[in-house]
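These notes concern the structure reproduced below.
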Amino acid sequence: MARRPMMAANWKMNKTVTEAQNYTAALLPRAADAEGVDVAVFVPFTCLHEVGRMAEDSPVIAGAQNFYYEDSGAYTGEVSVPMLKDVLARAVLVGHSERREIFGETDTLVARKTKRAVEADLLPVVCVGETKEERDSGGMWEKVSGQVSRVLEELDEVGGDGIVFAYEPIWAIGTGDTATPDDAQDAIGRIRELLREERGEDFADGVRILYGGSVKPANVAEIMGQNDVDGALVGGASLEVDSFVELIEAAR
Ligand code: PEP
């Protein structure tokens, strides 16, 4: 099955509203030409309404970087799915390694958040990946398969187009140290195999699995050339619109 590629920007904790407006105004006309590629931009909460509003009638998907799975209540500092939808978010990152490592998000929390996003028809991009120590000691697959399985355990009905995974080895994020294309294919191919075992052929063939970790214009083509890699989640190289557009073009 031919899956539609996705190129996703993760701005992390960067950009004021004015900077976000300028970026989005420059991106929209160029992304509109990117036939055959889904373009998503995961922005800070403070910019989301503005980016969502500007992108509303365009193919660009405005997304949030985080949320909590309850809809409202005494959860100081948190933002819920209905709140994200209210400001025109169409997708959300779940379990980015910076959320897991710095803010202590557990596999169970990530699984509950994914379930809530799926129920609300907010496309979750679920991030999984191992540390350098785990890779070096041969524990990559135990870590990654555990993260993916915990998410699947929590999900009842979801089609292959209702969820995206991103394999992001932690040692490659923001370090300039990209996984080799073979390493990316190996991990992502195994994730797809696990999806097939757990949920069957149609689901596994329909789910998009992105690679993330120091993707840039110089290495994107090789990574995108791998069979099971359906796109990329990009931090540093997505902050400048020209470089993000180069990545989108490479995904066509
Ligand atoms: C990310 O933020 O998910 C990421 C992969 O960052 P970078 O591209 O900077 O490594």
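Residues in the sequence shown are numbered from 1136 upward in steps of one, following this note's numbering. Note that beta-carbon positions come from the ideal geometry of N, C-alpha and C, so glycine has one too.
- Taking a cut-off of 8 Å on C-beta distances, the segment 1190-1207 does not touch the segment 1276-1291, as fewer than three cross pairs fall below it.
- Beta-bridge analysis with DSSP links residue 1218 to no other residue.
- In this model, residue 1313 and residue 1305 are separated by some 10 Å (Cα to Cα).
- By the Cβ rule, the segment 1352-1364 counts as touching the segment 1307-1327, because three or more pairs are nearer than 8 Å.
- Excluding residues up to 5 positions away in sequence, 1338, 1341 and 1342 lie with their Cβ nearer than 6 Å to the Cβ of residue 1295 in the same chain.
- For residue 1229, the uninterrupted beta strand (DSSP E) run begins and ends at 1226-1229, by DSSP.
- The beta carbon of residue 1383 sits closer than 8 Å to those of 1142, 1165, 1166, 1169, 1172 and 1174, all from its chain and outside the five residues before and after it, given in chain order.
- With contact defined as three or more Cβ pairs closer than 8 Å, the segment 1255-1265 and the segment 1209-1227 are in contact.
- Sorting 1242, 1333, 1367 and 1217 by C-alpha distance to the C-alpha of residue 1144 places 1367 at the top.
- The closest CA to that of residue 1236, considering only 1264, 1365 and 1348, is found on 1264.
- Runs of the beta strand (DSSP E) lying entirely within the segment 1261-1336 and spanning at least 3 residues, in chain order: 1299-1302.
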